[in-house]
Amino acid sequence: MKTVITLTAALVAGAATGAVAQGTTMSFFVTSQNPGTGGNLGGLEGADGLCATLAETGGTFDHTWAAYLSTSDVNARDRIGSGPWYNAEGVLIATDVAALHGDGNNISKETALDETGNVINGRGDTPNRHDILTGSLPDGTAAAETCDNWTTDAVESAAMVGHHDRMGLDDSDAAKSWNSSHASRGGCSLDALRSTGGDGLFYCFAVN
Numbered sequence: 005m006k007t008v009i010t011l012t013a014a015l016v017a018g019a020a021t022g023a024v025a026q027g028t029t030m031s032f033f034v035t036s037q038n039p040g041t042g043g044n045l046g047g048l049e050g051a052d053g054l055c056a057t058l059a060e061t062g063g064t065f066d067h068t069w070a071a072y073l074s075t076s077d078v079n080a081r082d083r084i085g086s087g088p089w090y091n092a093e094g095v096l097i098a099t100d101v102a103a104l105h106g107d108g109n110n111i112s113k114e115t116a117l118d119e120t121g122n123v124i125n126g127r128g129d130t131p132n133r134h135d136i137l138t139g140s141l142p143d144g145t146a147a148a149e150t151c152d153n154w155t156t157d158a159v160e161s162a163a164m165v166g167h168h169d170r171m172g173l174d175d176s177d178a179a180k181s182w183n184s185s186h187a188s189r190g191g192c193s194l195d196a197l198r199s200t201g202g203d204g205l206f207y208c209f210a211v212n
């Protein structure tokens with residue numbers, strides 16, 4: 005009887021440990037790369053597809069992924085699930101959508117890791133890659149600048165970007181915003197995005 009009780013206790017403990025591990029598996033990351041077309045991501049479908057591909061590269065297979073990108077008729081905040089979200093190191097990013105867009109946000113250079121757990125270059129690094137594509141306002145609703153709904157790299161278009169390192173030219177709220185710092189300059193090409201301190205990267209969130 006004692007052996008059975010001990011074995012049962014061990015199985016319960018193991019199951020609990022597994023549940024914790026599963027709950028904190030990666031459900032948020034910054035893409036390590038742009039597909040090479042700047043703001044032309046193939047629309048939301050193409051961006052979501054890159055999130056899924058990179059997540060598998062990082063060893064995560066059990067989530068449905070969505071890019072944190074707004075378009076003229078879709079708000080980024082409405083397409084990323086309900087949370088909570090954790091980075092590749094199991095660090096909590098936000099418990100829910102309200103926290104993500106409020107005081108409960110834990111996005112910083114140290115926590116906004118890519119799909120393999122690497123830190124993304126920020127302000128002061130070479131090259132600076134802290135401009136993250138979002139097309140969004142601070143509350144996660146759509147901004148005007150979305151590279152024509154992520155379908156163009158044309159010079160007459162622009163993208164709203166945030167700073168994953170929460171650093172800018174001054175101490176203003178915009179400079180420190182993770183999702184709505186400023187519009188890109190010079191168009192939506194990869195070269196244009198790089199000219200203001202970015203690399204065409206974007207946030208990916210697990211919907212489930």
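Following the numbering used here, the residues of the sequence shown are numbered contiguously, the last one being 212. Glycine included, each C-beta is placed from N, C-alpha and C at the ideal position. Model, not experiment: these values are computed from the prediction.
Spatial distance of residue i from residue j (CA atoms)
| i | j | result |
| --- | --- | --- |
| Gly22 | Thr28 | Low confidence applies to Gly22: its pLDDT is 33, below 50, so where it sits in the model is not reliable, and the reading given next is rough at best. Cα to Cα, the separation comes out at about 10 Å. |
| Asn91 | Ala98 | 10 Å |
| Ala51 | Thr75 | 12 Å |
| Ala148 | His186 | 11 Å |
| Leu141 | Ser184 | 5 Å |
| Gly201 | Ala178 | 15 Å |
| Thr138 | Met164 | 6 Å |
| Val159 | Thr35 | 23 Å |
| Leu58 | Leu173 | 31 Å |
Residue i beta carbon near the ligand SAM (any heavy atom closer than 7 Å)
| i | result |
| --- | --- |
| Glu160 | Among the components modelled here there is no ligand, and therefore nothing to report on the ligand SAM. |
Beta-carbon gap between residue i and residue j smaller than 8 Å
| i | j | result |
| --- | --- | --- |
| His168 | Trp182 | yes |
| Met30 | Gly53 | no |
| Phe96 | Asp135 | It should be noted that the sequence gives Leu, not Phe, for residue 96. The answer is no: Cβ separation not under 8 Å. |
| Val211 | Trp89 | no |
| Ser86 | Asp100 | yes |
| Asp143 | His105 | yes |
Reference residue i; option with closest CA among the options
| i | options | result |
| --- | --- | --- |
| Asp195 | Ala148, Ala162, Asp152, Asp66 | Ala162 |
| Gln37 | Phe209, Gly204, Asn212 | Gly204 |
| Gly40 | Val211, Gly201, Thr64, Cys192 | Cys192 |
| Phe206 | Asp77, Glu119, Glu60 | Glu119 |
CB-CB length for residue i against residue j, believed under 8 Å
| i | j | result |
| --- | --- | --- |
| Asn44 | Cys151 | 7 Å |
| Ala102 | Cys208 | At roughly 20 Å, the Cβ-Cβ gap does not stay under 8 Å, so Ala102 and Cys208 are not in contact. |
| Arg189 | Lys180 | Wrong, their Cβ atoms sit about 19 Å apart, outside the cutoff. |
| Asn122 | Asn132 | No, Asn122 and Asn132 are not in contact; Cβ-Cβ is about 16 Å, not under 8 Å. |
Length-filtered (4 minimum) alpha helix (DSSP H) runs lying within the segment 108 to 190: 151 to 154
Where are the beta strand (DSSP E) runs, 3 residues long or more, that stay fully inside the segment 23 to 93, in chain order? The segment 23 to 93 contains these whole beta strand (DSSP E) runs: 32 to 34, 69 to 71.
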